[in-house]
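Take a look at the structure below.
Protein chains: 2
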Amino acid sequence: MTHTLGAPAGQPGGLRERKKARTRAAIREHALRLIREQGYQATTVEQIAAAAEVSPSTFFRYFPTKEDVVLQDDMETLMLEAFERQPPEVGLVAAVRAATREMHDAMSEALWEQMRQTTELAMTIPEVRARAMDDFARTITMMAEAMAKRTGRNPDDLAVRAVAGAIFGVVLSVTAPWNDWRGEHINADLFERIDAGLAQLENGLQL
Amino acid sequence: MTHTLGAPAGQPGGLRERKKARTRAAIREHALRLIREQGYQATTVEQIAAAAEVSPSTFFRYFPTKEDVVLQDDMETLMLEAFERQPPEVGLVAAVRAATREMHDAMSEALWEQMRQTTELAMTIPEVRARAMDDFARTITMMAEAMAKRTGRNPDDLAVRAVAGAIFGVVLSVTAPWNDWRGEHINADLFERIDAGLAQLENGLQL
DNA sequence: ATCAAAATGATAGTCACTACCAAAAGATAT
DNA sequence: ATATCTTTTGGTAGTGACTATCATTTTGAT
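Residue numbers (this note's numbering), protein chains in the order written: chain B, 4 to 210; chain A, 4 to 210.
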């Protein structure tokens with residue numbers, strides 16, 4: 004019973020894993036390029052698959068829907084962890100604010116920039132935006148749970164949910180380029196906007 | 004130059020308009036029934052059209068997408084008007100709260116009940132939910148504009164957007180049945196939940 | 001009855017996505 | 001190296017939402 008250990012399951016560099024990662028990256032890159040060049044609707048899955056030199060079948064094995072190629076996930080997990088790392092005496096909104104700053108500081112400039120671009124793209128394409136909003140909203144629930152734990156309340160507690168919802172709404176409102184919101188604005192630093200919005204919420208939305 | 008006035012364009016009861024309204028209602032009713040019975044995915048547009056005794060073509064003339072059959076709109080216009088009707092000295096959140104109450108009081112019990120059911124349905128079906136979220140979010144912008152006018156600020160003002168966003172988030176968080184949120188909760192009055200959430204926001208989210 | 005406009009139905013086609021199977025390639029044991 | 005097993009891939013066929021288009025019917029006004 005020699006334990007082989009050659010190429011287990013997880014991350015290690017089995018040739019298979021490396022190839023899969025490369026394929027996934029290739030598909031995404033070509034997809035984003037084509038979408039930039041021609042627009043989302045005009046770009047078919049067939050085109051993307053052809054550009055990445057895989058079959059359409061393979062495309063759908065890597066990305067369950069065409070939307071998913073644009074959507075980035077993670078973030079929420081990191082955010083959650085950063086939130087739970089905050090000292091317990093600080094308020095809920097303040098804790099989120101601090102967690103956001105931590106993430107921002109930890110991210111390389113390039114990574115942040117890339118995230119900004121992906122976000123902008125996702126918010127611009129209606130179908131993708133709808134999905135993104137839904138995903139985004141689901142993180143409210145997770146945040147609400149973290150907040151409930153933090154304050155010793157029930158996760159179903161309406162008050163907790165309301166706070167999580169308000170934070171979500173503020174972040175969304177300063178992030179999303181719904182109608183106009185052109186040029187200078189969109190180039191203004193995303194982090195600054197989020198931070199300012201949360202600060203305002205923290206201070207009771209005086210207006 | 005006899006002004007005919009027989010059947011102008013708008014709402015009046017031209018026979019044509021009435022028939023269209025009936026067709027529209029028939030399609031929606033049969034659609035909702037079938038969806039209740041079989042689920043959203045399992046219900047095809049062809050089935051709905053057949054049940055309503057129209058062609059698939061006609062279905063798409065009345066509802067641009069399958070999702071739209073479930074989505075109710077309006078509301079936002081009424082909400083906007085109610086908001087603008089509030090006296091100027093009251094705060095933004097308080098004004099929204101009052102406007103909500105006005106709408107609730109003006110609506111018949113049956114209508115409110117129907118809205119609640121539609122909302123629940125829309126929030127339960129992933130595809131529809133995503134669309135609903137997006138539509139809902141778009142009303143933030145309109146609310147933000149109304150708020151900007153009210154406070155004499157620029158509609159692009161981040162502070163105004165943040166307030167609108169927070170309100171949106173709170174309403175959403177007490178409305179949407181993302182994960183559990185079963186039985187008793189969902190039957191608890193929707194209006195009460197919204198009002199409570201807004202009250203909390205008004206008081207600075209103390210927690 | 002007659003005519004113009006509007007509504008409908010039917011047809012053909014595109015595209016996202018699913019189910020399925022057979023071939024190719026990577027990994028493992030002898 | 002060879003045989004074997006598993007994973008990944010490509011191909012084929014099909015479903016269903018949605019678009020474009022055109023001929024036919026229905027409705028409103030004269």
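Glycine included, each C-beta is placed from N, C-alpha and C at the ideal position.
Using a cut-off of 8 Å between C-beta atoms, extract the partners of residue i located in chain B.
i, result
"L208 (chain A)", "L95, V96, A165, V166, A169, L204 and G207"
"L193 (chain A)", "By Cβ distance, chain B contributes nothing, its closest Cβ being about 12 Å from L193 (chain A), past 8 Å."
"P129 (chain A)", "D137"
Going by C-alpha distance, which of the options is nearest residue i?
i, options, result
"A125 (chain A)", "B:G200, B:F66, B:D137 and B:E130", "B:D137"
"E130 (chain B)", "B:K23, B:G17, B:G42 and B:T26", "B:G42"
"E79 (chain A)", "A:K152, A:M146 and A:R156", "A:M146"
"I128 (chain A)", "A:K69, A:T142, A:L81 and A:A102", "A:K69"
"L101 (chain A)", "A:L83, A:L114 and A:E112", "Note that residue 101 (chain A) corresponds to Ala in the displayed sequence, not to Leu. Taking only the C-alpha atoms, the option nearest A101 (chain A) is A:L83."
"P67 (chain A)", "A:E105, A:E56 and A:R27", "A:R27"
"I38 (chain B)", "B:I143, B:R25 and B:V72", "B:V72"
"V57 (chain B)", "B:K22, B:V163 and B:L114", "B:K22"
"M110 (chain B)", "B:T122, B:L81 and B:V93", "B:L81"
"Q225 (chain A)", "A:T144, A:R25 and A:D192", "Coverage of chain A is limited to positions 4 through 210, which leaves residue 225 (chain A) absent and any answer about it impossible."
"D77 (chain B)", "B:G17, B:T122 and B:Q89", "B:T122"
"T142 (chain B)", "B:T47, B:R164 and B:R132", "B:R164"
"Y65 (chain B)", "B:E148, B:A24 and B:D160", "B:A24"
Taking Cβ-Cβ distances shorter than 7 Å, what residues in chain B pair up with residue i?
i, result
"R132 (chain A)", "D137"
"K196 (chain A)", "Per the sequence shown, the amino acid found at residue 196 (chain A) is Arg instead of Lys. Neighbours of R196 (chain A) on chain B, chain order: L161."
List, in order along the chain, the chain A residues whose C-beta lies closer than 7 Å to that of residue i?
i, result
"I38 (chain B)", "Per Cβ cutoff of 7 Å: no residues; I38 (chain B) is ~19 Å from chain A at best."
"E155 (chain B)", "As written in the sequence, residue 155 (chain B) is Gly, which differs from the Glu given in the question. Per Cβ cutoff of 7 Å: no residues; G155 (chain B) is ~11 Å from chain A at best."
List the whole-angstrom C-beta distance separating residue i from residue j, where the pair is believed to meet the contact cut-off of C-beta under 8 Å.
i, j, result
"A135 (chain B)", "L35 (chain B)", "In fact, because the Cβ distance is near 15 Å, the residues do not count as touching under 8 Å."
"M150 (chain B)", "L95 (chain B)", "6 Å"
"F62 (chain A)", "I51 (chain A)", "6 Å"
"P91 (chain A)", "R153 (chain A)", "7 Å"
"M106 (chain A)", "A85 (chain A)", "5 Å"
"G172 (chain A)", "V173 (chain B)", "7 Å"
"Q44 (chain A)", "A162 (chain B)", "So it is not a contact: roughly 35 Å between Cβ atoms."
"E20 (chain B)", "A97 (chain B)", "Not confirmed; about 41 Å, so no contact."
"A133 (chain A)", "A133 (chain B)", "4 Å"
Give the interface partners of residue i over in chain B, defined as CB-CB distance under 9 Å, in chain order.
i, result
"G200 (chain A)", "L161, A162, R164, A165, G168 and A169"
Residue i versus chain A: which residues are under 9 Å apart at the beta carbon?
i, result
"V279 (chain B)", "Only positions 4 to 210 of chain B appear in the structure, and residue 279 (chain B) is not among them; the question remains open."
"I30 (chain B)", "Those within 9 Å of I30 (chain B) in chain A number zero; the least Cβ separation is about 23 Å."
Output, in chain order, the set of chain A residues within a Cβ distance shorter than 8 Å of residue i.
i, result
"V173 (chain B)", "A165, G168, A169 and G172"
"A140 (chain B)", "M136, L175, A179 and W181"
Given 7 Å as the limit, tell me if residue i has its C-beta closer than that to any heavy atom belonging to the ligand MG.
i, result
"M136 (chain B)", "Absence of the ligand MG is noted for the structure shown, with no ligands found whatsoever."
Exercise. Counting pairs of beta carbons, one from the segment 166-176 of chain A and one from the segment 163-183 of chain B, are three or more of them closer than 8 Å?
Worked result: yes
For this session: State whether the segment 195-203 of chain A contacts the segment 27-46 of chain A, with contact taken as three or more CB pairs (one from each stretch) at a distance under 8 Å.
Result: no
For this session: Anything in the segment 48-79 of chain A with a Cβ closer than 9 Å to a Cβ of chain B? List those residues in chain order, please.
Result: none
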